[in-house]
Structures are given as C-alpha cells and as structure tokens.
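Chains A and B are the protein sequences, given in the same order. Position in the first sequence (from 1) plus 6 gives the number in our numbering. Position in the second sequence (from 1) plus 40 gives the number in our numbering.
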Amino acid sequence: MSENAYITSACVIRNNMVTRNGEKVFEEKNAALPEFLRALYDRYSGQYPKFHKMDLLSKLGWAAVEILLQETPMDMYAPEDTGVVLANTSSSLDTDERYYETVSEIASPALFVYTLPNIVIGEISIRHKFKGENAFFVDDRFDIGFIAGYVRQLLETGAVKACVCGWVEQYHTGYEAALYLVEKNARGMALPFTAEQVEKLYR
Amino acid sequence: MADLKVQIIQQLNLQEVKPEDIGNDQPLFKEGLGLDSIDALELIVLLQQHHNIRIAKPEDGPNIFYSVRTMAEYITAEQNKTA
Numbered sequence: 007m008s009e010n011a012y013i014t015s016a017c018v019i020r021n022n023m024v025t026r027n028g029e030k031v032f033e034e035k036n037a038a039l040p041e042f043l044r045a046l047y048d049r050y051s052g053q054y055p056k057f058h059k060m061d062l063l064s065k066l067g068w069a070a071v072e073i074l075l076q077e078t079p080m081d082m083y084a085p086e087d088t089g090v091v092l093a094n095t096s097s098s099l100d101t102d103e104r105y106y107e108t109v110s111e112i113a114s115p116a117l118f119v120y121t122l123p124n125i126v127i128g129e130i131s132i133r134h135k136f137k138g139e140n141a142f143f144v145d146d147r148f149d150i151g152f153i154a155g156y157v158r159q160l161l162e163t164g165a166v167k168a169c170v171c172g173w174v175e176q177y178h179t180g181y182e183a184a185l186y187l188v189e190k191n192a193r194g195m196a197l198p199f200t201a202e203q204v205e206k207l208y209r
Numbered sequence: 041m042a043d044l045k046v047q048i049i050q051q052l053n054l055q056e057v058k059p060e061d062i063g064n065d066q067p068l069f070k071e072g073l074g075l076d077s078i079d080a081l082e083l084i085v086l087l088q089q090h091h092n093i094r095i096a097k098p099e100d101g102p103n104i105f106y107s108v109r110t111m112a113e114y115i116t117a118e119q120n121k122t123a
C-alpha cells in the first residue's frame with residue numbers, strides 16, 4: 007500500500023465514548039443514543055438547526071466528522087478535492103422501519119428523505135462544502151482493506167486530494183462510528199495510510 | 041397563532057426555536073425562518089393532521105405558507121367553510 011498518503015485525523019465513537027487520534031475526548035455514560043448525540047452536538051458544534059431534523063445515522067456520522075475535523079480544517083482544499091467514502095452494515099434500516107410505521111396514516115416526508123444510507127454523506131458534504139467523489143457501501147462488516155484500497159485509488163488517480171472515510175453504523179440502540187481523514191500531504195498525527203494502521207486506530 | 045407556532049415547531053422539529061422567536065408576519069421560507077422544501081411538505085401534513093385540511097390547489101401553497109399569519113387565516117377560512 008502506498009506510503010504517500012497519511013491518516014491525519016481519526017475519530018471513533020462507540021459505547022457512549024469518543025476517541026480522537028486514539029485518545030478519549032468525551033464520554034456520556036448512561037445516555038440513550040439520541041441524548042448522547044445531542045450531547046455531542048452541544049459540545050462540538052456551533053448552531054446548526056438542520057442537525058435536529060436528521061435521522062440517528064446522519065447525526066452520528068455528522069457529529070463524528072465535526073470531531074474528526076475540529077483540529078484539521080479543510081479550507082485549503084477546493085470543494086471538489088475532498089471525497090467521502092463510508093460503509094455500514096444496516097444501511098438506513100432503522101429509519102426505513104420508522105418511515106414504514108408512518109405510512110399507514112400520513113407518510114412522513116421528513117423521515118422519507120433519510121431512507122437511504124448515503125444521505126449521511128450528503129449531510130456531511132453540505133456542512134463542509136465537500137463536492138468530491140463519494141460512495142457508500144453496505145457490507146456485513148467493516149472491511150478495512152476494501153475501504154483503504156478504494157480510498158487509496160481515489161488519491162493515487164488524483165480524483166481527490168483528501169478523503170473522509172470509514173464506518174458509520176446504527177440500528178436501534180446499536181451504533182459505531184470510526185472515521186478517518188486521509189490526505190496526500192502530511193499534517194496532524196500523519197500516520198501512514200495503511201489498512202494495518204486503520205485497524206490499529208479502530209481497535 | 042401561538043398554538044400554530046407551537047405546532048410548527050413540533051412538526052418541523054425546530055428544537056432551537058421558541059414560539060416567540062417566530063414573528064406573525066415573518067416569512068417562513070428563505071430569508072425568514074429558513075425552511076426548505078421538505079418542511080413545506082411537513083406543513084401540508086400539519087394541516088391534515090391537526091386541522092383536517094387538505095390543500096385543494098397546490099399552487100396556492102406559497103401564499104398559504106408565507107407566514108404564520110397567512111397560515112392562520114387560511115385555517116380559519118377553511119374551518120368557516122365547513123362550519
């Protein structure tokens with residue numbers, strides 16, 4: 007795998023705890039997922055009313071990117087230069103089910119718009135003005151080798167200069183986010199972008 | 041109109057907006073409250089769920105949903121028709 011790309015930031019959210027670059031930065035014990043995500047919003051975001059309209063999957067991914075990019079601003083990149091490549095295993099099933107429950111009366115437009123998993127990429131891209139390549143994969147596990155290979159190809163072909171990538175999973179009360187900022191140029195913690203290094207940060 | 045503002049806040053999940061933040065004549069869309077097209081659909085749902093009103097002419101939407109006052113006037117007019 008190429009050494010000419012770097013993991014410049016990493017954020018893992020699971021078990022009501024947030025780690026950034028391997029260090030615990032936030033914890034809210036005993037909070038249900040909606041309250042935990044609201045706590046992340048209050049702690050890490052400025053006013054962004056659209057957050058409250060998002061489904062839980064989008065809130066999770068959106069909040070994780072807020073933390074991921076807090077110390078690695080992206081304003082040196084053109085909008086087309088930053089991509090977003092994400093994956094999960096439950097797609098948008100949690101919201102699909104909630105939307106289906108509304109159909110018997112009046113179908114909810116606000117829920118309907120979140121019945122695709124890649125909407126989380128849209129919410130992240132709107133927030134950070136990303137217009138580069140994006141993809142959302144649904145897989146039975148976080149296949150780090152596949153995601154790393156896909157992102158490496160985007161970087162090596164010049165499709166993007168930076169990429170937010172990783173895993174954003176949520177279904178009912180279960181959730182996990184593991185996101186990485188990968189760039190061609192080194193800054194921040196600047197770890198070599200290898201599947202092994204991603205795995206180490208994920209564990 | 042105070043009740044309608046509460047309904048709008050609940051329907052659109054405007055968690056950081058209080059009823060008193062919404063002016064009676066303030067535009068709901070664009071430069072006003074900043075609502076979007078999905079919110080417009082949710083306001084249609086609000087009329088159906090809370091007031092049993094279905095908008096007969098979709099082209100009237102921009103005038104009906106211009107502000108809280110125009111919404112309230114429309115609801116009152118429709119209720120008077122069925123009274």
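Where is the CB? At the ideal position from N, CA and C, for every residue including glycine.
- A contact is defined here as three or more CB-CB pairs under 8 Å, and the segment 82-91 of chain A meets this definition with respect to the segment 164-175 of chain A.
- When A:Val126, A:Val144, A:Phe148, A:Ala141 are compared, the shortest CA-CA separation from Trp68 of chain A is found for A:Val126.
- Against Val204 of chain A, chain B offers no close residue; the least beta-carbon distance is about 35 Å (beta-carbon pairs closer than 8 Å).
- With a beta-carbon spacing of about 6 Å, Leu117 of chain A and Arg104 of chain A fall inside the 8 Å limit used to define contacts.
- Boundaries of the beta strand (DSSP E) harbouring Tyr177 of chain A: 168-177, taken from the DSSP string.
- A:Val24 is the residue among A:Thr14, A:Ala11, A:Val24, A:Tyr12 whose C-alpha sits nearest the C-alpha of Arg209 of chain A.
- In summary, the residues of the segment 115-128 of chain A whose CB is separated from some CB of chain B by less than 7 Å are Pro115, Ala116, Val119, in the order they occur in the chain.
- Just so you know, the alpha carbons of Phe142 of chain A and Leu92 of chain A end up roughly 5 Å apart.
- Per the C-alpha coordinates, the member of A:Glu202, A:Ala201, A:Glu189 positioned closest to Ser15 of chain A is A:Glu189.
- Check the Cα spacing between Val119 of chain A and each of A:Thr101, A:Phe136, A:Tyr177, A:Ser131: the tightest is with A:Thr101.
- Any Cβ of chain A closer than 8 Å to the Cβ of Ile78 of chain B would place that residue at the interface, and such an atom is present.
- In this chain, the beta strand (DSSP E) harbouring Ile13 of chain A covers 12-20.
- Less than 8 Å separates the beta-carbon of Thr78 of chain A from that of Arg193 of chain A.
- Contact between Tyr181 of chain A and Leu39 of chain A holds, with the beta-carbon distance rounding to 6 Å and staying under 8 Å.
- Interface annotation, Gln66 of chain B: not in contact with chain A, CB-CB separation never under 8 Å.
- Contact annotation for Leu54 of chain B against chain A: Pro55, His58 [CB-CB distance below 8 Å, chain order].
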